[in-house]
Amino acid sequence: MAEKQKNIENIHTLKAPSSLFEIRRGIYKFLSAVFLNPPTVELIRIFSDANFLSELEDLFGDDVSTCFKEFTSYRSVNFSELEQEYRDLFRIPLGKYVTPYESVYLGTKKVGDEVIKGQLMGPHTISVKKFYEMCGIDTSETNEIVDHIGLELEAMHILCVRHYELISEGKEEEAKNLLNLQKRFMNEHLSRWADDLCKNVYEKSDSNFYKGIALLTSRFIEMDKNTLDELVP
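Using this note's numbering, read the sequence shown as starting at 96 and increasing by one per residue.
Printed below as a string of structure tokens:
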């Protein structure tokens, strides 16, 4: 619980970042926690902060902040309903389920007029697993399949943290190599399917909270892809 609380509170580091790299690692960690865990009181409190919503609007557009403003405009939040919404979207493979795994999206193909979804644990999953192993990213403590959106966001967070540490130590060449790895993972994996997932979340969710999360995630990944393209030509 303490670790989850720490993950959620990481987004507060965005209020006074010392660099672009702190912003990136903070947002990746925050979004990872949102997709891997049901919502908490602390999380809702963050999105109820007017100053924070103003910053979101400046960074990602008023449509993002509007979703959260509408969500928090009610006198009280029904946590049981919000937790059920999380389970319906990301855990229970029934009506609202969006399937938060890369292999299902990138493995989808069209045969005649029929669209066949990709299978769990497909070749894209194996590719993600090999990338983690190459980077020394340990996923042994999680029960999630490695190409879950939350774990891919966590992987980017880990690479951002390592890059920031190398920059702080003056190891510029090693830091550059880590940026190359981030760009590779972004181009080969995350940016290829995250937007489709976010569109599904936005369309299927009945909650303005998760609609806002979908817009925020899609917008951030698009922006970070452009950032990496600029940092690593």
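C-beta atoms are modelled at their ideal positions from N, C-alpha and C, and glycine is treated no differently.
Under 8 Å between C-beta atoms of residue i and residue j
{"i": "glutamate 239", "j": "glycine 231", "result": "no"}
{"i": "valine 223", "j": "glutamate 247", "result": "yes"}
{"i": "asparagine 275", "j": "valine 327", "result": "yes"}
{"i": "lysine 294", "j": "serine 300", "result": "no"}
{"i": "phenylalanine 116", "j": "isoleucine 262", "result": "yes"}
{"i": "histidine 219", "j": "serine 235", "result": "no"}
{"i": "tyrosine 200", "j": "glycine 213", "result": "yes"}
{"i": "tyrosine 196", "j": "histidine 243", "result": "yes"}
{"i": "valine 159", "j": "glutamate 150", "result": "no"}
Per-residue DSSP class, three states only, for residue i
{"i": "glutamate 187", "result": "The displayed chain sequence assigns isoleucine, not glutamate, to residue 187. Three-state result, isoleucine 187: coil."}
{"i": "isoleucine 308", "result": "helix"}
{"i": "lysine 225", "result": "helix"}
{"i": "glutamate 209", "result": "strand"}
{"i": "tyrosine 259", "result": "helix"}
{"i": "tyrosine 192", "result": "coil"}
Of the listed residues the options, nearest to residue i (C-alpha basis)
{"i": "methionine 251", "options": "Phe315, Phe163, Leu138 and Asp208", "result": "Phe315"}
{"i": "aspartate 144", "options": "Thr234, Cys162 and Thr167", "result": "Thr167"}
{"i": "leucine 184", "options": "Val296, Leu311 and Glu325", "result": "Val296"}
{"i": "valine 172", "options": "Glu117, Arg140, Met281 and Gln277", "result": "Arg140"}
{"i": "methionine 229", "options": "Gln277, Glu180 and Gly207", "result": "Gln277"}
{"i": "threonine 312", "options": "Leu148, Leu131 and Phe155", "result": "Phe155"}
{"i": "asparagine 132", "options": "Tyr196, Glu317, Glu178 and Trp288", "result": "Glu178"}
{"i": "glutamate 180", "options": "Ala289, Asn282, His243 and Phe130", "result": "Phe130"}
{"i": "phenylalanine 280", "options": "Tyr200, Leu292, Glu249 and Glu152", "result": "Glu249"}
{"i": "serine 302", "options": "Phe142, Ile211, Glu176 and Met216", "result": "Glu176"}
{"i": "valine 136", "options": "Tyr123, Phe174 and Asn146", "result": "Phe174"}
{"i": "histidine 284", "options": "Glu325, Glu269 and Gly202", "result": "Gly202"}
Buried/exposed call for residue i, threshold 16 Cβ in 10 Å
{"i": "isoleucine 187", "result": "exposed"}
{"i": "glycine 190", "result": "exposed"}
{"i": "aspartate 157", "result": "exposed"}
{"i": "glycine 207", "result": "exposed"}
{"i": "serine 114", "result": "exposed"}
{"i": "aspartate 319", "result": "buried"}
{"i": "tyrosine 127", "result": "According to the sequence provided, residue 127 is serine. The question's tyrosine does not apply to it. Buried, because 16 or more other Cβ atoms sit within 10 Å of the Cβ of serine 127."}
{"i": "phenylalanine 142", "result": "buried"}
{"i": "glycine 121", "result": "buried"}
{"i": "leucine 292", "result": "buried"}
{"i": "lysine 101", "result": "For lysine 101, the pLDDT reaches just 41, beneath the cut-off of 50, and the residue's location in the model is therefore unreliable, although a value from the coordinates is still provided. Counting Cβ neighbours within 10 Å, lysine 101 comes out exposed, since fewer than 16 surround it."}
{"i": "leucine 215", "result": "exposed"}
{"i": "lysine 205", "result": "exposed"}
Item to check | Every unbroken alpha helix (DSSP H) inside the stretch 122-148 [4 residues or more] | outcome: DSSP runs (the alpha helix (DSSP H)) wholly in the stretch 122-148: 136-142.
Next on the checklist: So within the stretch 257-303, which uninterrupted alpha helix (DSSP H) runs reach at least 4 residues, ignoring any that extend past its ends?
Outcome noted: 267-280 and 286-299
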